[in-house]
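Written below as structure tokens is the structure these notes are about.
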Amino acid sequence: MPVIIQYVVERDGEAKMTFASKQQADAYDKMLDLAELMGDLLGRSQMLNDNQTELLSLYLAQNKDELLAALQGKAKAVKKQKDEEGVLTEPSPSEPDDSAVDTVVTAFASAA
1 MPVIIQYVVE RDGEAKMTFA SKQQADAYDK MLDLAELMGD LLGRSQMLND NQTELLSLYL
61 AQNKDELLAA LQGKAKAVKK QKDEEGVLTE PSPSEPDDSA VDTVVTAFAS AA
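Position one of the sequence shown corresponds to residue 1 (full-length UniProt numbering), numbered consecutively onward.
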């Protein structure tokens, strides 16, 4: 019988995600920490409901490098670099629909 080691990221007593490596689990945990901080910041604005705040904070945390570049006025350089690296910039048909995040971003932009 093989022994399988799994790393589980847990928040508020709930298992969020399971990983095969500690490094991946730590990176996901840091992303959730950042999303929580973003959620606190966005929640103080009172422009979004709780669900929108959560979705937007997760989106921003997942795209922190692009967010940081945009805040520094370097968004085009980051997008160009990702295009050169071969990262998909358009969702493929096999990827999940991100329309909920798009809706939140649109709602956020129109509220500003």
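The C-beta atom is built at its ideal place from N, Cα and C for all residues, glycine as well. These figures come from a predicted structure and were not determined experimentally.
| query | Using the C-alpha atoms, what's the distance from ASN49 back to TYR7? | reply | Position 7 of the sequence shown, counted from the first residue, corresponds to residue 7. Position 49 of the sequence shown, counted from the first residue, corresponds to residue 49. Cα to Cα, TYR7 sits roughly 32 Å from ASN49.
| request: Look at MET17 and TYR28 and say whether their C-beta atoms are less than 8 Å apart. | output: Taking the first residue of the sequence shown as position 1, residue 17 is located at position 17. Taking the first residue of the sequence shown as position 1, residue 28 is located at position 28. Their beta carbons are under 8 Å apart, which means MET17 touches TYR28 by this criterion.
| query | Secondary structure at GLY43, three-state DSSP: helix, strand or coil? | reply | Along the sequence shown, one-based indexing puts residue 43 at 43. GLY43 falls in the helix class under three-state DSSP.
| ALA69 - containing alpha helix (DSSP H), residue span | Reading the sequence shown from its first residue, position 69 is the one you call residue 69. That run of the alpha helix (DSSP H) goes 64–71.
| task | Could you pull out every residue in the same chain whose Cβ sits closer than 6 Å to the Cβ of SER57, ignoring the five residues on either side in sequence? | result | The sequence position of residue 57 within the sequence shown is 57, counting from 1. Counting only Cβ-Cβ distances below 6 Å, and skipping sequence neighbours, we find ALA35, MET38, GLY39, LEU42.
| Boundaries of the beta strand (DSSP E) in which residue 113 is found, first to last residue | A question about residue 113 goes unanswered here, because the residues of the chain that appear run from 1 up to 112.
| request: Drop a sphere of 10 angstroms on the beta-carbon of LEU55, count the other beta-carbons inside from all chains shown, and report buried for 16 or more, exposed for fewer. | output: Your numbering for residue 55 matches position 55 in the sequence shown. Looking at its Cβ environment, which holds 16 or more other Cβ atoms inside 10 Å, LEU55 is buried.
| request: Starting from the C-beta of SER45, find all residues in its chain whose C-beta is less than 7 Å away, skip the five residues before and the five after it, and write them out in chain order. | output: Sequence index remark: in the sequence shown, residue 45 carries index 45 (1-based). Nothing meets the Cβ criterion.
| First and last residue of the beta strand (DSSP E) that includes LYS16? | For this step, residue 16 is matched to residue 16 along the sequence shown. Here the beta strand (DSSP E) through LYS16 covers 14–19.
| message | Just checking SER21 against the ligand GDP - is the residue's beta carbon closer than 7 Å to any of the ligand's heavy atoms? | response | Summarising the ligand content, the structure contains no ligands, and the ligand GDP is consequently not present.
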